[in-house]
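Worksheet: the structure to be examined is printed underneath.
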Amino acid sequence: MSQPDMPRPVYRFRRSLLGSGLLLVGLLSGPLPSPAPLVAQESAAAAERPASSEGRIEGRVTSTATGAALPGAAVRVEGSDRGVLTDARGYYTLRAVPAGTVTIEIQRLGHESARLEAQVEGGARTVVDAALAEQPIGMDPLVILSQRTRMVGDPLNLSAIPGSAHFLGPQDLEGRKLAFDNVHEVLRRIPGVNVQEEEGYGLRPNIGLRGTGVERSSKITLMEDGILIAPAPYAAPAAYYFPVVGRMEAVEVRKGSSQIRYGPRTIGGAINLVSASIPEETAWHLDTQGGSDRQFKVQARGGSSTDHVGWMVETYQLQTDGFKELPGNENTGFDVRDFTAKLRLNTDREAPRYQEIELKVGYHDELSHETYLGLTDEDFRTNPRQRYAASAEDLMDAEHRQIQLRHFIQPTPRFDVTSTAYRNEFARNWYKLGSVLGTSISNVLADPGAHSEALAILRGGASEEDALTLRANNREYLSQGIQSLVGLRLEGLGASHSFEAGIRLHEDSEDRLQWEDGYRMTGGLPVRTSEGAPGTQANRVGEANAVALHLMDEIGIGRWTIVPGVRYERIHLTRTDYSTEGASRLEPTRVRESTVSAFIPGVGASYEVSPSLHLFGGVHRGFAPPGPGAAEETRPEESVSYEVGSRLRSGGVGLQMAAFYGDYSNILGQATLATGGAGVGNQYNGGAARVAGLEASLDWDLSWGRDLPVRLPVSVAYTLTDATFRTDFESDFGPWGTVERGDRLPYLARHQGSASIGVEDADWSLSLVASGSSALRTRAGQGPAVESESTDSFLTFDVQGSYVLPQGLRGGSLYAGIQNLTDESYITARRPAGVRPGLPRTFYVGMRVSR
């Protein structure tokens, strides 16, 4: 890691963005690759035809069983390369179709194919709708592979899942890719997901599921392509690194029923981010965007496949100067560069023993001028965008590397094995202000009246040498292992069985080698006056070695699907402390070891009332281990959770509702700098807690069944969470403190939701999205929360529109939008230190081109 006073030059990234911009110009003006893929909107030859000799075909593909839309159906003009995939509501548009009689081919996995004739007139619009009958998909190897590497896979699988599950596919994510591709904004569309903003951009998200707590997303299982992705999932799960959601093609969330298959944290649920797949045919995508605060984004992806080889490369780059304001106009934004590449080798799909091997490598680089220092309430009311002068040197410098090698084999139609070896390396140095005049910045901001001299220095007032202390939170993380899933399908005695057995051998570590430097304030700027030596603030290593096993059986009996299963986790934890007199690690000063193990049983069931309506429910045990170095009396967090719910999918309506209840014991809290603590990492048990709630989501196409010239999609997501402690206790964990039975858990909104309405045509769209939350308590308590111990309730509006360019401009699309349309100013957090604002009104405009 580079020293904080020697940051990597920002101009490297800006030059790369300039190069990407020039690449965009070249792609739009130069020849395009061929052949065009399935999702192509036109061919180069079609662009040269006179407009009068071409027409357009539009339509909707539905299921004959439910009348519901079929997303992801392939629609193609027979004998040409003109083809598209239906969107999330089953709609498609084929452009530049030659006039005359053509045949439309429609295919969808799990459904019978259709061939329909259409009469196309030049310059006119032809409507061709289709309904496809269901057809058993058998044991297609790619379908099985999807089941092993994803939590949901095909969105049509949702109906049979015996628990609450949600899937956001490519079209869903495209519609919510706002200015900064903030994962918080994406997840607000899913009920049961608790989010708490911190810096406005979602760089280090705070996500919980069903009341688990949101601190750095450390209470849930996070995955990318089915692989644990937190920096050190067992030893240090706090998400100081989070994959760029802008490069994902899907986001999957499962609660309840996820406990058996996904761990180690099984109390609330799991989130899986699905990276862009290798395309079946030659394809490329380019998205460039600019906006407020000198924001600029470039995303470029290309790939292709032959019968036995496939590849994909992608880059995502984003920069902004930030919306916060330092007195010296220093940068408060960030630069992110992200690169991913995939290579696949496979046998013939119809081979007796289908096999494939896929290599994925990734690199992520971040340089963000972010701080833990917030504002007093008084200063927030004066100018919520201001940042105190003392935070001008704060800087996060981070790098992440990942490699995955996955092998899949299906020796027989009923037996398959998926094995993945993985390694993730993450290094970061967050150089940031920690204290002033010997008092932590969280204590200064918690009681500014008692620390007036310290507050004056934070604002830029002159000080003596070493009045300010900046800590180099220098850490390196390693997460690696191998996991294997074995599937076996059997039938007999009136039931079908789909067994899955899994094993994961995993090790991870967090290496802290930290120091502190002294500064004084001179002329409104911090100037370094002393330098600390590496290891003098923290010099320790936390390690975890884990074995995880699970076994489950999906039993189909008539209209019932029942999934019993059990998970076993055994974790050996070690914390090794070294002398803080320097960086020497010749001899440890203390070594603490512990072993934690747990059996995690559960059962879920779903019942098909009709092809359109399914009921589900389940009961599962939850488990969350403590980290290395926890006190001997610290116990794992445990829970028993229950849920019941229903799914309806018929016509233009999709509805899911669920009620959940969780009975927690030994709830865990950890005192870190992020929670406003001293950063020593001590863990605490908080006795018992109860979490209950309701969640609902609705997708409704108001134009369904009506002869309207436009589509009118509506979506709603709502979560009610009631989370209270059931025991009295005292702790040094700031958000808890002294707790009495009945106190509400901090940083969990009672009400949270989002809603959107759109107007869509084949060539343009316009949508309005509302997101809101009730106020959050920042400390446990009862009754009305006092202002100094709560955030603000808020309701924000985003508007976004897009327009498909004419064929002569290569078939791209323009889009533009405004986040926080009314420029709502609200307090989103009071940690790590002081009041923090949400993202203010932000403008952006961009262009996408796909082939």
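Here our numbering is used: the first residue of the sequence shown is 4, the next is one more, and so on.
Cβ atoms here follow ideal geometry from the backbone N, Cα and C, with glycine treated the same way.
These figures come from a predicted structure and were not determined experimentally.
- A distance below 9 Å separates the beta carbons of PHE429 and TYR244.
- By the Cβ test, the segment 523-535 is not in contact with the segment 549-566, since fewer than three Cβ pairs between them sit closer than 8 Å.
- Take GLY621, set aside five residues on each side of it, and the residues of its chain with a beta-carbon closer than 7 Å to its own are PRO165, GLY166, GLY259, SER260, GLY605, VAL606, GLY607, ALA608 and GLU646, in chain order.
- 9 Å or more divides the Cβ of ALA117 from the Cβ of LEU88.
- In this structure, VAL694 sits near TYR664, with a CB-CB distance shorter than 9 Å.
- Shown here, ALA91 sits in coil according to DSSP, grouped into three states, outside any helix or strand.
- By the C-beta criterion, the segment 453-468 is judged not to be in contact with the segment 202-218, since fewer than 3 inter-stretch pairs fall below 8 Å.
- DSSP places ARG578 within a strand segment (E or B) once states are collapsed to three.
- In the three-state scheme derived from DSSP, where H, G and I count as helix and E and B as strand, PRO604 is classed as strand.
- If the five residues before and after ALA586 are omitted, its C-beta is found closer than 8 Å to the C-beta atoms of LEU516, ALA536, PRO537, GLY538 and ASN542, all from its own chain and listed in chain order.
- Between ASP795 and VAL713, the CB-CB gap reaches or exceeds 9 Å.
- For ARG744, same chain residues with a beta-carbon under 7 Å away, outside a window of 5 residues either side, are PHE728, ARG729, THR730 and ASP731 in chain order.
- Note that the segment 219-228 does not touch the segment 488-505; fewer than 3 beta-carbon pairs, one per stretch, sit closer than 8 Å.
- Boundaries of the beta strand (DSSP E) harbouring LEU508: 498-525, taken from the DSSP string.
- If you draw a straight line from the Cα of THR583 to the Cα of ARG153, it is about 44 Å long.
- Taking C-beta atoms under 8 Å as the contact rule, LEU97 and ARG59 qualify, at a distance of about 7 Å.
- Secondary structure of ARG297 (DSSP, three-state): helix.
- For LEU658, the enclosing beta strand (DSSP E) covers residues 656-668.
- Counted as a single uninterrupted DSSP element, the stretch harbouring VAL131 is not any beta strand (DSSP E), since DSSP gives it neither H nor E.
- The secondary-structure analysis by DSSP pairs ASN349 across a beta bridge with GLU359.
- For the set PRO158, LEU145, LEU112 and SER162, the Cα lying nearest the Cα of PRO139 is the one of LEU112.
- Per DSSP, the unbroken beta strand (DSSP E) holding SER770 starts and ends at 767-776.
- The three-state reading of DSSP puts LEU190 in helix, counting H, G and I together.
- Beta-carbon to beta-carbon, GLN822 and LEU181 are separated by about 5 Å, close enough to satisfy the 8 Å threshold.
- MET399 and GLN358 have their alpha carbons spaced roughly 42 Å apart.
- Assigned with DSSP and collapsed to three states, GLY249 falls in helix.
- Per DSSP, GLU557 is one residue of the beta strand (DSSP E) stretching across 541-560.
- DSSP places PHE383 in the uninterrupted alpha helix (DSSP H) bounded by 380-385.
- C-alpha of PRO330 to C-alpha of ALA344: approximately 42 Å in a straight line.
- Comparing C-alpha distances from GLY313 to each of GLU284, GLN320 and GLY841 shows the shortest one belongs to GLU284.
- As summarised for the segment 461-491, there are no continuous alpha helix (DSSP H) elements at least 4 residues long confined to that stretch.
- Per DSSP, ASN446 is one residue of the alpha helix (DSSP H) stretching across 444-449.
- Taking the CA atoms as reference points, PHE183 sits about 8 Å from LEU321.
- C-alpha of THR269 to C-alpha of ARG192: approximately 22 Å in a straight line.
- By a beta-carbon distance limit of 8 Å, VAL439 contacts ALA470. Their separation comes to about 6 Å.
- Look at VAL789 here: in three-state DSSP terms it is coil, with no helix or strand label.
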